[in-house]
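> Counting in my numbering, the sequence shown runs from 68 upward without gaps.
Virtual Cβ for every residue (Gly too), placed ideally from N, Cα, C.
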Amino acid sequence: MTMVFDIGRVHPFVLRKAFDLFYNAVARHHQNFKIIVYTNMPGTWLRRDRVEVHHEEERDFAVLYPSIRWFNLTFHRFFILEKHMRQGEDVIWLDLDTVVCGNLDFTQSLPNFFIKHGFGENTVTLNSQESLAQKEWIHGHAHKMDMPIVNTINELLAKEREDIPQYELMAVFSLLRQRHPEKFILLNEHTDKHINLEWCYEPSVKIHKVNSLSAEHFHPEPRYIKDRIKMLNGKLCGYDGREFLLMTFTFPTLEMNLRENWKSIRDPQARNDLRSLCHITTTDLIKFRLIQLRRAFTKDCIKKWPVIGRLIKKARSIIHHT
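1) State the beta-bridge partners of alanine 85 as determined by DSSP.
2) Excluding the 5 residues flanking histidine 247 on each side, which residues of the same chain have their C-beta closer than 8 angstroms to its C-beta?
3) So which of Asp73, His78, Asp116 has the shortest CA-CA distance to alanine 94?
4) Let's test the definition: count the other Cβ atoms within 10 Å of the Cβ of serine 343 and tell me whether it reaches 16, buried, or not, exposed.
5) Please report the Cβ distance between glutamine 245 and glutamate 288, rounded to the nearest whole angstrom; I am assuming they are in contact, meaning their Cβ atoms lie under 8 angstroms.
6) Keeping to the same chain, check which residues put their C-beta closer than 7 angstroms to that of proline 79; ignore five residues upstream and five downstream.
7) How would you label alanine 92, buried or exposed, when you count the other beta carbons within 10 angstroms and need 16 or more for buried?
8) Residue range of the alpha helix (DSSP H) that phenylalanine 318 falls in?
9) Looking only at its chain, what residues have a beta carbon closer than 6 angstroms to the beta carbon of glycine 207, apart from the 5 residues adjacent to it on each side?
10) Give the DSSP-derived three-state secondary structure of valine 166 in the structure shown.
11) Give me the Cα-Cα distance between asparagine 278 and lysine 302, rounded to the nearest whole angstrom.
12) Determine the extent of the alpha helix (DSSP H) in which leucine 199 is found, giving its start and end residues.
13) Leaving out the 5 sequence neighbours to the left and right, which residues in its chain are closer than 6 angstroms to threonine 317 when beta-carbon positions are compared?
14) Touch check for the segment 155–171 and the segment 208–216: three-plus C-beta pairs under 8 angstroms?
15) Can you tell me where the alpha helix (DSSP H) holding lysine 150 begins and where it ends?
16) Going by DSSP, what residue range makes up the beta strand (DSSP E) through valine 191?
17) Can you check whether the CB of histidine 121 is closer than 8 angstroms to the CB of isoleucine 103?
18) Hey, is isoleucine 220 close to the ligand NAD, as in C-beta under 7 angstroms from one of its heavy atoms?
19) Residues in the same chain with beta-carbon distance under 6 angstroms from glutamate 249, minus the five sequence neighbours each way, listed in chain order, please.
20) Would you check if the distance between the CB atom of leucine 391 and the CB atom of valine 71 is smaller than 8 angstroms?
21) What three-state label does DSSP hand lysine 226 in the structure shown?
22) Just the Cα atoms here: how many angstroms apart are leucine 171 and serine 195?
23) Assuming contact is defined by CB atoms lying nearer than 8 angstroms, are lysine 293 and arginine 333 in contact in what I supplied?
24) Between methionine 298 and glutamine 336, is the Cβ-Cβ spacing less than 8 angstroms?
25) Compare the C-alpha of glutamate 265 against each of Glu322, Asp87, Asp307, Ile216 and name the closest.
26) Quick one: what's tryptophan 160 bridged to in DSSP?
27) For isoleucine 353, count neighbouring C-beta atoms within 10 Å of its own C-beta (all shown protein chains included) and say buried if the count is 16 or more, exposed if not.
28) Could you tell me the boundaries of the beta strand (DSSP E) in which lysine 297 lies?
29) Enumerate in chain order the residues of its own chain whose CB-to-CB distance from leucine 321 is below 7 angstroms, with the five nearest sequence positions on each side excluded.
30) Quick test of your reading: glycine 169 and histidine 96, contact by CB under 8 angstroms. State the CB separation rounded to the nearest angstrom.
31) In whole angstroms, give me the CA-to-CA distance for threonine 315 and valine 166.
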């Protein structure tokens with residue numbers, strides 16, 4: 068199951084290209100599968116063999132985070148998964164910006180699974196009372212729940228709704244695993260393949276910034292990952308030679324790589340393999356650039372331009388003194 072929702076954060080054209088990549092990666096590594104996709108875009112855009120499309124609107128989301136639409140969207144994963152689970156379906160959630168690089172059938176034997184990210188001892192705040200070490204953080208990009216965990220989340224929402232974790236569903240998983248470690252199965256303990264963001268940074272490097280990523284611990288932008296994806300023995304592998312099971316991105320970084328059509332990847336076989344999952348034409352590249360340019364000229368982005376920023380600061384200073 069995944070979601071392809073337009074809430075004004077990602078352009079519909081980019082979402083459609085990301086779904087092409089998502090679908091082709093799943094289909095490459097699985098013969099017996101069904102993709103359930105929830106969307107507010109035209110269903111015809113997403114129709115493929117073995118794809119079941121459900122239409123919803125943003126008004127259908129529970130408003131758990133009144134000021135952050137994106138968090139309400141990502142938390143909605145829980146409610147649609149719960150609905151399908153109560154219908155007897157065994158469902159894996161995969162974020163649209165996750166690239167499947169291997170077969171996931173072995174997870175059918177696991178009642179649930181979650182992926183621990185973790186790269187440091189720095190502390191991350193969960194709610195008003197609890198925090199945890201960054202290395203214990205649970206990623207939300209790929210997971211499978213069971214009913215005991217569903218019930219635990221519903222109990223949390225019923226009893227602690229005013230103090231739910233500050234960073235959407237991933238933080239809820241992290242909090243509940245901290246409270247009930249016996250209920251959560253970590254996929255990290257069932258595979259030595261790359262499944263989280265560790266492939267794009269050096270885990271042994273100490274981070275220096277609390278609650279954030281240092282320069283050495285980056286998101287997978289094209290400039291950072293050029294030497295970190297290789298093709299070895301016909302398999303996509305990380306810089307350390309380990310195979311990918313899941314190649315994890317954030318949506319902005321996935322868009323960057325699609326916009327460049329993976330040209331930063333130095334290994335030609337790996338570059339061509341990723342390109343084969345989503346065909347990017349010259350027209351597509353122009354569209355990506357136009358979307359990028361239009362975004363750069365939005366009001367909020369213009370304010371961040373150095374010259375404009377200084378002018379705004381100067382104007383505020385003059386108004387204040389007047």
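From the atom records:
1) Numbered from its first residue, the sequence shown carries residue 85 at position 18. The partner list for alanine 85 (beta bridge, DSSP) is empty, contrary to what the question assumes.
2) For the purposes of this step, residue 247 is identified with residue 180 of the sequence shown, where counting begins at 1. Result list for histidine 247: Thr219, in chain order.
3) Here the question's residue 94 lines up with position 27 in the sequence shown. Minimum Cα distance to alanine 94 is reached at Asp116.
4) The residue labelled residue 343 in the question sits at position 276 within the sequence shown. Exposed, since its Cβ has fewer than 16 Cβ neighbours within 10 Å.
5) Looking up residue 245 in the sequence shown gives position 178. Looking up residue 288 in the sequence shown gives position 221. The C-beta separation of glutamine 245 from glutamate 288 comes to about 31 angstroms, leaving the pair out of contact by the 8 angstroms criterion.
6) Numbered from its first residue, the sequence shown carries residue 79 at position 12. Excluding the 5 residues flanking it on each side, proline 79 has same chain C-beta neighbours closer than 7 angstroms at Asp73, Met108, in chain order.
7) Stepping through the sequence shown from its first residue, residue 92 is reached at position 25. Buried.
8) For the purposes of this step, residue 318 is taken as the residue at position 251 of the sequence shown. Residue range 318–326 is occupied by the alpha helix (DSSP H) that includes phenylalanine 318.
9) Along the sequence shown, read from residue 1 onward, the residue named residue 207 stands at position 140. Within the same chain, glycine 207 has close Cβ partners Leu236, Met237.
10) Start at 1 with the first residue of the sequence shown, and residue 166 comes out as number 99. Strand.
11) Residue numbering aside, residue 278 sits at position 211 when the sequence shown is read from its first letter. Residue numbering aside, residue 302 sits at position 235 when the sequence shown is read from its first letter. Because asparagine 278 carries a pLDDT of 49, less than 50, the predicted location of this residue cannot be relied on, and the following value inherits that uncertainty. Rounded to the nearest angstrom, the two C-alpha atoms are 34 angstroms apart.
12) For the purposes of this step, residue 199 is taken as the residue at position 132 of the sequence shown. Note, leucine 199: premise wrong, no alpha helix (DSSP H); beta strand (DSSP E) at 198–200.
13) Here residue 317 is taken as the residue at index 250 of the sequence shown, counted from 1. These residues qualify, in order along the chain: His286.
14) Under the 8 angstroms Cβ criterion, the segment 155–171 counts as touching the segment 208–216, having at least three qualifying pairs.
15) Counting from 1 along the sequence shown, the entry for residue 150 is found at position 83. Membership of lysine 150 in the alpha helix (DSSP H) is indicated by the continuous run 136–153.
16) Residue numbering aside, residue 191 sits at position 124 when the sequence shown is read from its first letter. Per DSSP, valine 191 belongs to the beta strand (DSSP E) from 190–192.
17) Residue numbering aside, residue 103 sits at position 36 when the sequence shown is read from its first letter. Residue numbering aside, residue 121 sits at position 54 when the sequence shown is read from its first letter. Cβ atoms of isoleucine 103 and histidine 121: closer than 8 angstroms.
18) This structure lacks the ligand NAD; in fact it carries no ligand of any kind.
19) Here residue 249 corresponds to residue number 182 of the sequence shown, with the count starting at 1. Cβ within range, chain order: n/a, list empty.
20) Lying before the first or after the last residue shown, residue 391 is absent from the chain, which here runs from 68 to 389.
21) Numbered from its first residue, the sequence shown carries residue 226 at position 159. Note: lysine 226 maps to helix in three-state DSSP.
22) Locating residue 171 in the sequence shown gives position 104, where the first residue counts as 1. Locating residue 195 in the sequence shown gives position 128, where the first residue counts as 1. So the two alpha carbons sit approximately 37 angstroms from each other.
23) For the purposes of this step, residue 293 is identified with residue 226 of the sequence shown, where counting begins at 1. For the purposes of this step, residue 333 is identified with residue 266 of the sequence shown, where counting begins at 1. Arginine 333 is positioned such that its CB atom lies closer than 8 angstroms to that of lysine 293.
24) Here residue 298 is taken as the residue at index 231 of the sequence shown, counted from 1. Here residue 336 is taken as the residue at index 269 of the sequence shown, counted from 1. Going by C-beta atoms, methionine 298 is nearer than 8 angstroms to glutamine 336.
25) Taking the sequence shown and counting its residues from 1, one reaches residue 265 at position 198. Relative to the Cα of glutamate 265, the nearest Cα in the group Glu322, Asp87, Asp307, Ile216 belongs to Asp307.
26) For the purposes of this step, residue 160 is taken as residue 93 along the sequence shown, with counting starting at 1. The partner list for tryptophan 160 (beta bridge, DSSP) reads His210.
27) Along the sequence shown, read from residue 1 onward, the residue named residue 353 stands at position 286. Classification of isoleucine 353: exposed, given that the 10 Å Cβ count is below 16.
28) Here residue 297 is taken as the residue at index 230 of the sequence shown, counted from 1. Segment 296–299, the beta strand (DSSP E) holding lysine 297.
29) Walking along the sequence shown from the start, residue 321 turns up at place 254. So the qualifying residues of the chain are Ala85, Asp164.
30) Within the sequence shown, the letter at position 102 stands for residue 169. Within the sequence shown, the letter at position 29 stands for residue 96. 6 angstroms between Cβ atoms; contact.
31) For the purposes of this step, residue 315 is taken as the residue at position 248 of the sequence shown. For the purposes of this step, residue 166 is taken as the residue at position 99 of the sequence shown. In this structure, the alpha-carbon of threonine 315 lies about 6 angstroms from that of valine 166.
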